[in-house]
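Visitor:
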Amino acid sequence: MLHLGNHLVKGYASHGESWSIALSLKLATYQLLKNDGLSPILILDDVFSELDDQRRAQLIDLAKSAEQTLITVAVESDLPTELAGARFHVKSGSVSRDN
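In terms of full-length UniProt numbering, the sequence shown opens at residue 1 and continues consecutively.
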């Protein structure tokens with residue numbers, strides 16, 4: 001069970017706090033796998049819009065250092081320009097690659 005102060009996270013934490021805790025747990029899992037000599041794929045699902053500038057910069061650095069990263073965003077402007085790579089659009093069930 002996770003606690004926030006003296007309270008259980010479930011039922012007490014705000015949306016933002018719950019979201020931050022979930023992301024922290026996922027990133028910790030990624031780091032543990034990496035520390036064990038594995039090459040996990042870092043999957044970030046629409047996370048950048050929820051972060052302040054400092055946390056956003058830290059996550060960008062982590063994504064840049066990962067061997068493979070898969071990032072999804074609902075709004076293209078949420079994708080940091082610092083992260084280069086292949087980009088794909090999904091629209092009405094069709095996938096197309098940006099050039």
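Yeah, the Cβ is synthetic: ideal placement off N, Cα and C, and Gly gets one too.
What you are looking at is a predicted structure, and each value in this text was computed from that prediction instead of being measured.
1. Less than 8 Å between the beta carbons of L33 and I60, yes or no?
2. DSSP three-state call for K26: helix, strand or coil?
3. As an exercise, report each continuous alpha helix (DSSP H) stretch of at least 4 residues that is fully enclosed by the segment 39-72, in chain order.
4. For G16, which option in P40, L44, L51 and H7 has the closest C-alpha, if you only look at C-alpha atoms?
5. State the start and end residues of the unbroken beta strand (DSSP E) segment that holds S94.
6. Between which two residues does the beta strand (DSSP E) harbouring K91 extend?
7. Exposed or buried, I41, counting other C-beta atoms within 10 Å across all chains shown (16 or more means buried)?
8. Would you tell me roughly how many angstroms separate the C-alpha atoms of L2 and N99, rounded to the nearest one?
9. Closer than 7 Å to a non-hydrogen atom of the ligand MN - does that hold for the CB of L8?
Guide: This is what the structure holds:
1. no
2. helix
3. 53-65
4. L51
5. S94 to R97
6. F88 to K91
7. exposed
8. C-alpha separation (whole angstroms): 44 Å.
9. By its list of ligands, the structure shown contains no ligand whatsoever, and the ligand MN lies outside what it can speak to.
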